[in-house]
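Down below is the structure, laid out as structure tokens.
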Amino acid sequence: MSVDGRTIIERIWNPHACFVNSKLANIHTSPFKNIFLQIYSNGSIWYNYRIKLTGPCSNTLRTFPIDQQRCMLFYESFTHNHDQVEMEWIDTVPPITIMKGNITLPDYVLVDFSASSELRLYPPGIFNELIATFTFQRLYGFYILQVYVPAYISVFISWVSFYLGAEQIPSRTTVGVNSLLALTFQFGSVVNNLPKTSDVKAIDVWILSSMAFIFASLIELAVVGYLTRNGNHASIKCHCSWLCIRCRDWTAAKLDKASSVIFPTCFLFFNIWYWFVFLG
């Protein structure tokens, strides 16, 4: 027998179950309060209501923006412990049913959900607790276009100076400094829109490492400038040790040629490490 839950619910005993970790919870009232109450012939009661709930999430940003966030809802009786009320998930159907096939938010997509239960100890006693866990994957396409691609371009542009010649110091300085300033400005604009946390995020490692590569190219330019100012035949003397296979004098041209190979190689290994650690 179905009845109007709004009028009879106050007369029926209920376990006063609620989401104990919710930040905000409201029963839908469009066009009326959405409460369903059904009484079976054996005395069992099905009590159902539709609510709008705001709950907490893990907010772990170590791998941001390639991160996953877990949101957990704890459902238990607020006034009755385990000895008085035993709560468990129904086992005849899946405990959690997603009514909409694919839930996509502006920044996240739901990738997994699960149901579990446990006993939690409080001063009044031991309470049954039902746990619903939802896992969301962040959609990082925006950050790929706004952060990673510009960082790649800035680093690649800084390598152009290796091919301009040792005499083009002003032009090479402009290329390197502009690349560094562009990346610094990009980093500042991204940081302003991020949550204020003390965690070192994946995006921090990426941008700071990219800035380090550009800064290293400016250091290389300073060495080339030093060699150029001291004459075309100036070189850096190499002191041989038992590790050396062959010792040579480094001229500005040789340093540029070596840098054009060393910098891309190091950046490639950094990319392999970065994407393996944070994406794998």
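Here the sequence shown stands for residues -2 to 277, where the numbers follow this note's numbering.
Glycine residues also receive a C-beta, built at the ideal position from the N, C-alpha and C atoms.
The bridge partners DSSP lists for residue 117 are 124.
Judged by their CB atoms, residue 180 and residue 200 are not nearer to each other than the 8 Å cut-off.
By the Cβ rule, the region 106 to 126 does not count as touching the region 141 to 149, because fewer than three pairs are nearer than 8 Å. Distance from the CA of residue 202 to the CA of residue 60, rounded to the nearest whole angstrom, comes to 10 Å.
Membership of residue 50 in the beta strand (DSSP E) is indicated by the continuous run 48 to 51. Counting along the chain, the unbroken beta strand (DSSP E) around residue 69 starts and ends at 65 to 74. Taking 8 Å as the cut-off, the Cβ atoms of residue 110 and residue 95 count as close. Each residue's CA atom was taken as its position, placing residue 131 and residue 23 some 20 Å apart. Within the same chain, and ignoring the five residues on either side of residue 116 in sequence, the residues whose Cβ sits closer than 6 Å to its Cβ are 123. Excluding sequence positions up to five before and after residue 92, its CB lies within less than 7 Å of the CB of 86 and 112, all in the same chain and listed in chain order.
Taking the CA atoms as reference points, residue 36 sits about 13 Å from residue 10.
Take the alpha-carbon of residue 13 and the one of residue 193: they are about 37 Å apart.
Taken through DSSP and simplified to helix, strand or coil, residue 194 comes out as coil. Counting the other Cβ atoms within 10 Å of the Cβ of residue 211 gives 16 or more, which makes it buried. With a cutoff of 8 Å on beta-carbon distance, residue 67 and residue 104 are scored as not near each other.
Secondary structure of residue 14 (DSSP, three-state): strand. Only residues of its own chain outside the window of five on either side were considered, and among them 34 have a CB closer than 8 Å to the CB of residue 5, listed in chain order.
Residue environment: residue 149 is assigned as exposed (fewer than 16 neighbouring CB atoms within 10 Å of its CB, all protein chains considered).
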